[in-house]
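The opening residue of the sequence shown carries number 127 in this note's numbering; numbering runs sequentially from there. Below: the structure, in structure tokens.
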Amino acid sequence: MRRPLLSGFSLCVVLVLGGCQASLPALPAWQSSEGRDDAALGQIHDLASGQVITPAQLVRQLAAVPRVLVGEKHDNPDHHALQLWLMRALQAQRTQGSLLLEMLQPEQQARVDAVEVLAQLPNDLPKALGWQEGWDWQLYGPMVREALSSHVPLLAANLSLGEMRQAYRQPTALQGAQSNAPTVKAALLEQVRAGHCNLLPESQLPAMLAVQQQRDRRIAERLLAAPEPALLFTGAYHARKDLGVPLHLADLGAEGQSKVLLLAEVGEEVEAGMADYVWYTAATPAQDYCAQLRR
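Here it is as structure tokens:
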């Protein structure tokens, strides 16, 4: 039986005994076409308890922690719609300290800072921010505008292109037992291999792994320096507790001070070790990227 998503009104009814702290924004309608009839669609799982929780319960729990990491599938519009919803819902509970984006690089921070002090946003906001074409502005623009309009500090969380090239040419070992665990590196190597359709020479994989882990370390460092409560939007592998940024946070002495929410398409398996919560969304049509690359 399909589990319906609750409206803001019905959430208040559910919470009447505990009090409805603040009205939640209306949940967005699904945009992706696949998995609309899946029983798990719209469900939020608390992976520690195994319980299905409501959006209001999720917001209350996330609002109480200093750092929230949200892992997305970059091309799923439902993930971005829920990120925007979450931003607004958290802001209604307490003042948001900062929003960090994997999609912003350090050299863009000065542009972002210049826009933040303007009385009104520029007509061509992507140009003003130096937004990179590789990130679909139609998907990311609404959350960027929301942060800027709400005067939430918007922070770059990624490496610069130069730093990525340097990490690739001269891989540097990171300090920290958790991020350097052999099982972690093996899993990330397999992800890099599969993510490039098994087309990369084996000799390139260690350098690609170094770039991935340097990016995770930078995101962790930026999170620790960001005004709290801090909210991060990034790819799912970066957000994962068993492979990504949380391991680097632990190696930097900040273990247990964050929560991870993964946005996952119905049919995907998310285990307790990967995140604290998973929210199942509709799915985008499957595309065989590897077949396209092999042509």
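Backbone N, C-alpha and C define an ideal beta-carbon position, used for all residues, glycine too. Computed from a prediction, not measured in an experiment: that's the story for all the values here.
Secondary structure within the stretch 280-317: the beta strand (DSSP E) runs of 3 or more consecutive residues, fully enclosed, are 280-282 (chain order).
Linking MET290 to ALA352 through their CA atoms gives a straight-line distance of about 22 Å. The shortest C-alpha to C-alpha distance from ALA190 to any of ASN284, GLU391 and LEU357 is the one to LEU357. Three or more Cβ pairs closer than 8 Å define a contact, and the stretch 234-251 falls short of that threshold against the stretch 178-190.
Residue environment: SER149 is assigned as exposed (fewer than 16 neighbouring CB atoms within 10 Å of its CB, all protein chains considered).
In the displayed model, SER384 falls within a strand according to three-state DSSP. Every alpha helix (DSSP H) stretch that sits fully inside the stretch 207-268 and reaches 4 residues is listed by chain position as 235-242 and 251-255. Residues of the same chain with a CB within less than 8 Å of the CB of ASP342, apart from the 5 flanking positions on each side, are SER305, HIS364, GLY370, VAL371, LEU373 and HIS374 in chain order.
In the DSSP assignment, ASP377 falls outside any beta strand (DSSP E) and lies within the alpha helix (DSSP H) extending over 371-377.
When the five nearest sequence neighbours on each side are left out, the beta carbons in the same chain lying within less than 8 Å of the beta carbon of ALA283 are those of LEU226, LEU227, GLU228, LEU230, ARG344, ILE345, ARG348, LEU349, LEU358 and THR360, in order along the chain. Excluding its 5 nearest sequence neighbours in each direction, ASN202 has C-beta neighbours in its own chain below 7 Å: SER158, GLU391, THR407 and THR410, listed in chain order. Assignment of beta-bridge partners to ILE170 by DSSP yields ILE179 and TRP405. Residue environment for ARG295: exposed (fewer than 16 other C-beta atoms within 10 angstroms of its C-beta). Taking the CA atoms as reference points, LEU167 sits about 7 Å from GLY161. Under the three-state reduction of DSSP, ALA390 is assigned to strand. If you draw a 10 Å sphere on the C-beta of GLN177, you find fewer than 16 other C-beta atoms in it, and that means exposed.
Contact check for LEU388 against ALA362 passes: the beta carbons are separated by less than 8 Å.
Under the Cβ criterion (8 Å, minimum of three pairs), the stretch 265-284 counts as touching the stretch 200-214. When the five nearest sequence neighbours on each side are left out, the beta carbons in the same chain lying within less than 6 Å of the beta carbon of GLY302 are those of ASP377, in order along the chain. Distance check between LYS367 and each of ALA401, LEU265 and ALA218 places ALA401 closest, using alpha-carbon atoms only.
Nearest to TYR266 by alpha-carbon distance, out of ASP172, GLN413, GLY393 and LYS199, is LYS199.
The DSSP-derived three-state label of ARG366 is coil. About 6 Å separates the Cβ atoms of GLN338 and VAL318, confirming a contact at the 8 Å cut-off. Relative to the Cα of LYS311, the nearest Cα in the group PRO332, PRO297, THR298 and GLN292 belongs to PRO332.
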